[in-house]
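Visitor: Residue numbers (my numbering): 26 to 640.
Don't be surprised by glycine CBs; every beta carbon is placed ideally from N, CA and C.
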Amino acid sequence: MRNKRPSRLFRTIKSRLIAVSLTFLALGTILPVQITSHIYLNQIQRKNEEETVSKFSYTERQIHEILSSSVTSAMSLYNKDEVYDYLSSAYKNEDFLQRTTDRISFLDAVSSYFKYNFDINAVLFFRDDGTMCGASSTWNFFMEEKAHPFYTNRVKGITGTKNNTVWLGAFPKTEFTLAPIRDHMMATDLMFCGLRKITYTLRSEESRDIVMLVSVKEEAIRNCFVYITDEDSSVCLLDASGALISGQDFAQFGTIPDYYGKIDPGSRYGSVNYAAEDGLDYQIVYYRLENPDWMLVKQSPVSVHYKSINLLRHISYAVGLVFVLLAAVLYSFWAIRFVRPLNQITQMLTQVQEGNLGIYIPETSGIDEIYGMQHHFNQMISSINGLLAQKEEDEREKMMLEVRNLQAQINPHFIYNSITSIRWMATLSGAEKVSDMLVVLSDLLHPVFSRWTPDWTLAEELGFSENYIKLMRLRYGNRVSMEVQTETGPYPSNKIKPPRLILQPLLENSCEHGILRNQSLHIQITVSYSPQKFIITVADDGAGFPADTLLRLNEGFAAASFSRPGESEKDGKGIGLINVNQRLRMRYGDGYGLTILDRAGRGSCIEIRIGTGDA
26 MRNKRPSRLF RTIKSRLIAV SLTFLALGTI LPVQITSHIY LNQIQRKNEE
76 ETVSKFSYTE RQIHEILSSS VTSAMSLYNK DEVYDYLSSA YKNEDFLQRT
126 TDRISFLDAV SSYFKYNFDI NAVLFFRDDG TMCGASSTWN FFMEEKAHPF
176 YTNRVKGITG TKNNTVWLGA FPKTEFTLAP IRDHMMATDL MFCGLRKITY
226 TLRSEESRDI VMLVSVKEEA IRNCFVYITD EDSSVCLLDA SGALISGQDF
276 AQFGTIPDYY GKIDPGSRYG SVNYAAEDGL DYQIVYYRLE NPDWMLVKQS
326 PVSVHYKSIN LLRHISYAVG LVFVLLAAVL YSFWAIRFVR PLNQITQMLT
376 QVQEGNLGIY IPETSGIDEI YGMQHHFNQM ISSINGLLAQ KEEDEREKMM
426 LEVRNLQAQI NPHFIYNSIT SIRWMATLSG AEKVSDMLVV LSDLLHPVFS
476 RWTPDWTLAE ELGFSENYIK LMRLRYGNRV SMEVQTETGP YPSNKIKPPR
526 LILQPLLENS CEHGILRNQS LHIQITVSYS PQKFIITVAD DGAGFPADTL
576 LRLNEGFAAA SFSRPGESEK DGKGIGLINV NQRLRMRYGD GYGLTILDRA
626 GRGSCIEIRI GTGDA
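#1: In whole angstroms, what separates the C-alpha of F196 from that of I64?
#2: Taking the straight line between their C-alpha atoms, what separation do you get for Q324 and G194?
#3: May I ask you to report which of helix, strand or coil DSSP gives Y311?
#4: In angstroms with no decimal places, state the Cα-to-Cα distance between S588 and L355.
#5: Using the Cα positions of V605 and D480, report the straight-line distance between them to the nearest angstrom.
#6: Decide yes or no for the touch test of the segment 505 to 514 against the segment 548 to 566: beta carbon pairs closer than 8 Å, at least 3 of them.
#7: Would you say N146 and V251 are within 8 Å of each other, going by their C-beta atoms?
#8: Buried or exposed for V347, going by 16 or more other Cβ atoms inside 10 Å?
#9: Could you round the C-beta distance between I223 and M237 to whole angstroms and report it? I think they count as a contact, below 8 Å.
#10: So, does the segment 253 to 269 touch the segment 279 to 287, judging by three or more C-beta pairs under 8 Å?
#11: Bridge partners of D306, per DSSP?
#12: Please state whether the Cβ-Cβ distance between A2 and S136 is less than 8 Å.
#13: Distance, Cα to Cα, G502 vs G567?
#14: Whole angstroms is fine: what's the gap from I548's alpha carbon to L463's?
#15: Going by CA-CA distance only, name the one from L305, H401, Y613, L619 that's closest to L602.
#16: Taking the C-alpha atoms as reference points, what is the distance between N316 and L122?
#17: Near S328, which residues of its chain fall below 8 Å by C-beta distance, leaving aside the five closest residues on each side in sequence?
#18: In whole angstroms, give me the CA-to-CA distance for T199 and N67.
#19: Mind checking which residues open and close the alpha helix (DSSP H) that includes K181?
#20: Taking the beta carbon of T77 as the centre, do at least 16 other beta carbons fall within 10 Å, making it buried, or is it exposed?
#21: To which residues of the same chain is S162 closer than 6 Å at the C-beta, ignoring the five residues directly before and after it?
#22: According to the neighbour-count rule (16 or more other Cβ atoms, all chains shown, within 10 Å of its Cβ), is L546 buried or exposed?
#23: What residue range is occupied by the uninterrupted beta strand (DSSP E) comprising V236?
#24: Determine the contact status of L382 and N410, defining contact as a CB-CB distance below 8 Å.
#25: State the beta-bridge partners of Q510 as determined by DSSP.
#26: In terms of alpha-carbon separation, which member of Y617, Y516, T126 lies closest to I527?
#27: Would you kindly work out how many angstroms separate the C-alpha atoms of N142 and I183, rounded to a whole number?
#28: Can you give, in chain order, each stretch of the beta strand (DSSP E) that sits fully within the segment 109 to 158 and has at least 3 residues?
#29: Are F559 and I635 close, meaning C-beta to C-beta below 8 Å?
#30: List the endpoints of the continuous alpha helix (DSSP H) containing D573.
#31: Hey, how far is the Cα of A300 from the Cα of G286?
#32: Measuring alpha carbon to alpha carbon, tell me which of S98, H400, L314, T177 ends up nearest S79.
#33: Does DSSP put I447 in a helix, a strand or coil?
#34: Can H401 and E388 be called in contact, C-beta distance under 8 Å?
#35: From E302, Q273, W319, pick the residue whose C-alpha is nearest to that of P290; which is it?
#36: For the alpha helix (DSSP H) that contains R608, what are its first and last residues?
Put into structure tokens, the structure is as follows:
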């Protein structure tokens, strides 16, 4: 499956550079603004928390002042004789008239109390038998026949409250109001109820407990929130269970807000963030009162805090947009300068593809990478031209070698028949030695003339060499000897196919230069195998090569500098060796061919390296 190419908009380096640069620049503008906004928002929320907690501390003192002053005022009411006498007489069997008189005096004393205590809604007294009496700013309470439900549900069972006020929270007035009056009350008409146990002694020295209930108007507590409430936030008061007992939202009275579970129960104050069902995020700042165990809560939309951040954001984005536009212009200019040399290289490569190798790129770029591409491009063109020139030279050399081979190919049958005629004439004339030499020469030339191929097997090459030495022994007698050792590894000698006549020029060189200087000449041919190549050494105990000749020939072998056969033929030195080296290098490549080893006056030794590719 072919990979889908990118859109044409981003198929050029210029467009990609601009896109990547602008992306990073935009991210470099947006991310800092977002991070800064987040940090700034946290700072604003932290400051809001600190300021709200400070205001809550003041509100706590206000609430405590209202509650404590209400209890103190109620206690002063209890100490009035009219109140004390009525509460005491309720346990005695006095006549109806006396109880009525005491009740009227009691009501007058209690009713006058509310003229000067506007925050108190009612003061009630519960005897230990559950009967209730008292008064409020708007009505009186008398229930002597049976225990009041509020006493049964709320008051009864509360112990340990002597000389200490227990605040139960806020309750509707309908909790303890008589039925005829209850029908005319609103459900939102709430009172904060505080209980305090009072012990008094009757004339009979009998002790009795009375529970005094002081109810403070919820409105009085709620008015304390004005100082910390603004148009965007709301403040409420929660009891020990988390239920709402005071606040602007009367519909939520008695319910536990959803955010209550996020508040740390072990923390005196703090703040949490809360995602409401309306989709808005709120900051909830809470503060626990020491006494009673209530909690002040301020709920503020987080979006309000963004009002002071949005201006900073808009300014930052505007400045960032200006920088992005300027950067786009600068990046475009820079990208053009960067891409222009690349386009030039692309055009040059197109010309090279079309066959134009005479081009050159000026190496003038100020960017190291592009300068390197220009430099390497020019080097590549130079190398290609050099390789093409070398190829042309090799082809020309090959053609010249073929011409030489053609020149040397005299009619084989003519030569073979001529040698046969000369041999019979020598036999008839009694020249037996000449006849033997001609027989050996005929055997020597027979494999050459029988078939014309550029190569043959190593076994055939060694057989030809042995016939050549036979011919030399007929000429020089037993002064010439030869030994052959072969270790061809996994390849049989009849499967190894080197070029023809690679040993004869070396044997001829040994006989020509060695036998003339020595009384005898021994030649050692060794064939060995190593990975990827065969090594054939031809060593003799003759005079060897002069130092200057050895150096010149080895340098020529290594560099293959004898490209024109005629150059070495002028002095007649080394032409056979050069021909063998050239054929081996043309056949197997660099690393193959001839090397003359220096034996320090102990004769000559020539190493032949052929490949295993044709084995």
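Guide: Per the coordinate set shown:
#1: Within the sequence shown, residue 196 is the residue found at index 171, counting from 1. Within the sequence shown, residue 64 is the residue found at index 39, counting from 1. Each residue's alpha carbon lies about 43 Å from the other.
#2: Counting from one through the sequence shown, the residue named residue 324 turns up at place 299. Counting from one through the sequence shown, the residue named residue 194 turns up at place 169. Cα to Cα, the separation comes out at about 21 Å.
#3: To locate residue 311, count along the sequence shown from 1; it is residue 286. In the structure shown, Y311 sits in a strand (DSSP, three-state: E or B).
#4: Counting from one through the sequence shown, the residue named residue 588 turns up at place 563. Counting from one through the sequence shown, the residue named residue 355 turns up at place 330. Because S588 carries a pLDDT of 45, less than 50, the predicted location of this residue cannot be relied on, and no value is offered for it.
#5: Reading the sequence shown from its first residue, position 580 is the one you call residue 605. Reading the sequence shown from its first residue, position 455 is the one you call residue 480. Between V605 and D480, the C-alpha separation is close to 12 Å.
#6: yes
#7: The residue you call residue 146 lines up with position 121 of the sequence shown. The residue you call residue 251 lines up with position 226 of the sequence shown. No, Cβ-Cβ distance for N146 and V251 is not below 8 Å.
#8: Taking the first residue of the sequence shown as position 1, residue 347 is located at position 322. Flag for V347 reads exposed.
#9: Along the sequence shown, read from residue 1 onward, the residue named residue 223 stands at position 198. Along the sequence shown, read from residue 1 onward, the residue named residue 237 stands at position 212. Contact holds; Cβ gap of about 6 Å.
#10: yes
#11: Here residue 306 is taken as the residue at index 281 of the sequence shown, counted from 1. Bridge partners of D306: A300.
#12: Not covered by the structure: residue 2. The range shown for the chain is 26 to 640.
#13: Locating residue 502 in the sequence shown gives position 477, where the first residue counts as 1. Locating residue 567 in the sequence shown gives position 542, where the first residue counts as 1. Computed Cα separation, rounded: 16 Å.
#14: If you number the sequence shown from 1, residue 548 lands on position 523. If you number the sequence shown from 1, residue 463 lands on position 438. Each residue's Cα considered, the two are about 23 Å apart.
#15: On the sequence shown, residue 602 is found 577 positions in, with the first residue counted as 1. The shortest Cα separation from L602 among L305, H401, Y613, L619 belongs to L619.
#16: In the sequence shown, counting from the first residue as 1, residue 316 sits at position 291. In the sequence shown, counting from the first residue as 1, residue 122 sits at position 97. One C-alpha to the other measures close to 44 Å.
#17: Counting from one through the sequence shown, the residue named residue 328 turns up at place 303. Once the five neighbours on either side are set aside, the close Cβ partners of S328 are L305, D306.
#18: Locating residue 199 in the sequence shown gives position 174, where the first residue counts as 1. Locating residue 67 in the sequence shown gives position 42, where the first residue counts as 1. T199 and N67: Cα-Cα distance of roughly 45 Å.
#19: As a working mapping, residue 181 is identified with position 156 in the sequence shown. From DSSP, K181 is part of no alpha helix (DSSP H); its letter is neither H nor E.
#20: Taking the first residue of the sequence shown as position 1, residue 77 is located at position 52. Flag for T77 reads buried.
#21: By 1-based counting over the sequence shown, the position of residue 162 is 137. So the list reads F139, once near-sequence residues are dropped.
#22: On the sequence shown, position 521 is the one that residue 546 refers to. Counting Cβ neighbours within 10 Å, L546 comes out buried, since at least 16 surround it.
#23: Reading the sequence shown from its first residue, position 211 is the one you call residue 236. Element bounds for V236: 232 to 242.
#24: Translated into the one-based positions of the sequence shown, residue 382 becomes position 357. Translated into the one-based positions of the sequence shown, residue 410 becomes position 385. Yes, the pair counts as a contact, with Cβ atoms nearer than the cut-off.
#25: Locating residue 510 in the sequence shown gives position 485, where the first residue counts as 1. For Q510, which the question treats as bridged, DSSP gives the partners T551.
#26: Here residue 527 corresponds to residue number 502 of the sequence shown, with the count starting at 1. Ranking Y617, Y516, T126 by Cα distance to I527 puts Y617 first.
#27: As a first step, residue 142 must be located in the sequence shown, where it is residue number 117. As a first step, residue 183 must be located in the sequence shown, where it is residue number 158. So the two alpha carbons sit approximately 27 Å from each other.
#28: 145 to 152
#29: Mapped onto the sequence shown, residue 559 falls at position 534. Mapped onto the sequence shown, residue 635 falls at position 610. In contact: F559 and I635 (Cβ atoms closer than 8 Å).
#30: On the sequence shown, position 548 is the one that residue 573 refers to. Element bounds for D573: 572 to 584.
#31: Along the sequence shown, read from residue 1 onward, the residue named residue 300 stands at position 275. Along the sequence shown, read from residue 1 onward, the residue named residue 286 stands at position 261. Those two C-alpha atoms are separated by around 13 Å.
#32: Position 54 of the sequence shown, counted from the first residue, corresponds to residue 79. With distances taken between Cα atoms, S79 lies closest to L314.
#33: As a working note, residue 447 is residue 422 in the sequence shown. It is helical.
#34: Counting from one through the sequence shown, the residue named residue 401 turns up at place 376. Counting from one through the sequence shown, the residue named residue 388 turns up at place 363. The answer is no: Cβ separation not under 8 Å.
#35: As a working note, residue 290 is residue 265 in the sequence shown. Selected option, being the one with the closest Cα: W319.
#36: The sequence position of residue 608 within the sequence shown is 583, counting from 1. That run of the alpha helix (DSSP H) goes 600 to 613.
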